[in-house]
Amino acid sequence: MDTALHKYTSIEDEPRQMSVDAGTPFDRGDIILRSADNVDFHFHKLLLSLASSFFSNMFSLPQPDSLDDDADRTKHGLPIIPVTEKSVVLRKLLSFCSPIYDTDVPTLENLDIVMSVLDAADKYDMKRVGIFIVRMITAPRFLEKEPMRVFAIACRYRSEAETLVAARYMLRFAVWEPAYVSELDFISGSDFQRLVKYHTNCGQAMTQLTRLWSTYPLPLLDCKFCRKKGVSRLSLKEYQDSVIEALRIRPSVESLLNPEWIDSMVKRAGSCIGCRERAPRTFAEYAKELAFPVMAIIMEIPLDIDFH
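In the UniProt record's numbering, the protein residues as written are 1 to 308.
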């Protein structure tokens, strides 16, 4: 059957496993998409056409007058379109093509699934689906676990808001700390260099806090007993400089909550065990206040990546 439909429903002449139906909600439609692991998804041509210019063009080709009952080409009288995606990916992708996904958002369990679905959306030219998925990747479950991957994915898809969110989150780390991730291969060296430059600029800008010490005075590192004993060895200037240095390396208030950093500062002040026990709580309270000026400084720093 040398027809356009035959061209996109033909399957290699080799033994195939018995296909199974995907089940609800993919049990109705006028077309069947068969996954690489032989799961059949019933779906609607209209919804596929609206979501994908790839399928829209496919369905606009001349169709045969009738379909035979060849199991490789039809099922229940419906044409079968074999695809290379596995059922776990196809299920997510088609869910995003459903008109209810705006209110019943499909779950993306991890960034591996995100990338698989995004690759499929790219392949089938589902631009709106791709945009929607990229907007989901700054969820805490992704960002807190793999911020570099989030940055690279958002940057690859030129999603400005999500790229900036990921870049700001990565200020919690020293510029050399995040490990290589494969998603970096899909962005340019220029994009990555601008991320490094952004991190450096934010760190250097932390010196602006020196004008705010009177408004946001640093918490005491020692108690009255320590000071009476005269054991304090850390001057106020050294204390302030150490805070600026910590924020220069990791320009985020989370730097001030690092237990190792807090302990080293208290030891430098020659404080007692009681002071060391109180310091983490004291710094946690102080960080909440300092977050406002720190974020105000960071918001003035441009990421300077071309998203057009």
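Glycine residues also receive a C-beta, built at the ideal position from the N, C-alpha and C atoms.
Values in this document were obtained by computation on a predicted structure and should not be read as measured data.
query	result
Inter-stretch contact (C-beta, 8 Å, three-pair minimum) for the segment 81-92 and the segment 151-161	no
Contact set for Asp304: own chain, Cβ-Cβ below 6 Å, skip 5 residues either direction	Arg194
Beta strand (DSSP E) segment containing Phe54, residue limits	Run containing Phe54: none in the beta strand (DSSP E); it sits in the alpha helix (DSSP H), 53-60.
Residue nearest to Phe41 in terms of C-alpha spacing, selected from Tyr198, Leu209, Asp27	Asp27
Contact under 8 Å by Cβ, Leu256 with Ala287	yes
Whether Ile262 touches Leu171 by CB criterion (8 Å)	no
Nearest residue (CA-CA) to Pro99, options His44, Leu143, Ile80, Thr210	His44
Contact check, Leu218 vs Tyr239, beta carbons under 8 Å	yes
For Ala167 and Glu254, the rounded distance between their alpha carbons	15 Å
Spatial distance of Ile133 from Phe54 (CA atoms)	19 Å
Cβ separation of Ile137 and Leu78, assumed to be a contact under 8 Å, to the nearest whole Å	That belief does not hold up - the Cβ atoms of Ile137 and Leu78 are roughly 35 Å apart, past 8 Å.
Distance, Leu94 Cα to Leu48 Cα	8 Å
Thr215 - DSSP class collapsed to helix/strand/coil	coil
Nearest neighbour of Cys272, chosen from Ile187, Asp119, Phe225, Ser252 [CA to CA]	Phe225
Minimum C-alpha distance to Pro259 - residue among Ser252, Lys237, Ala284	Ala284
Alpha-carbon to alpha-carbon, Val117 and Leu143	18 Å
Cβ distance (whole Å) where Val266 is taken to contact Arg281 below 8 Å	Going by Cβ atoms, the distance from Val266 to Arg281 rounds to 12 Å, so no, they are not a contact pair.
Expected contact under 8 Å - CB spacing of Arg278 and Arg233 to nearest Å	No, Arg278 and Arg233 are not in contact; Cβ-Cβ is about 19 Å, not under 8 Å.
Coil, strand or helix - Val39 by DSSP	strand
Helix, strand or coil at Thr74 according to DSSP, with G and I counted as helix	strand
Start-to-end residues for the beta strand (DSSP E) that takes in Arg172	Arg172 -> no beta strand (DSSP E), and no H or E assigned at all.
Whether Ile187 touches Leu209 by CB criterion (8 Å)	no
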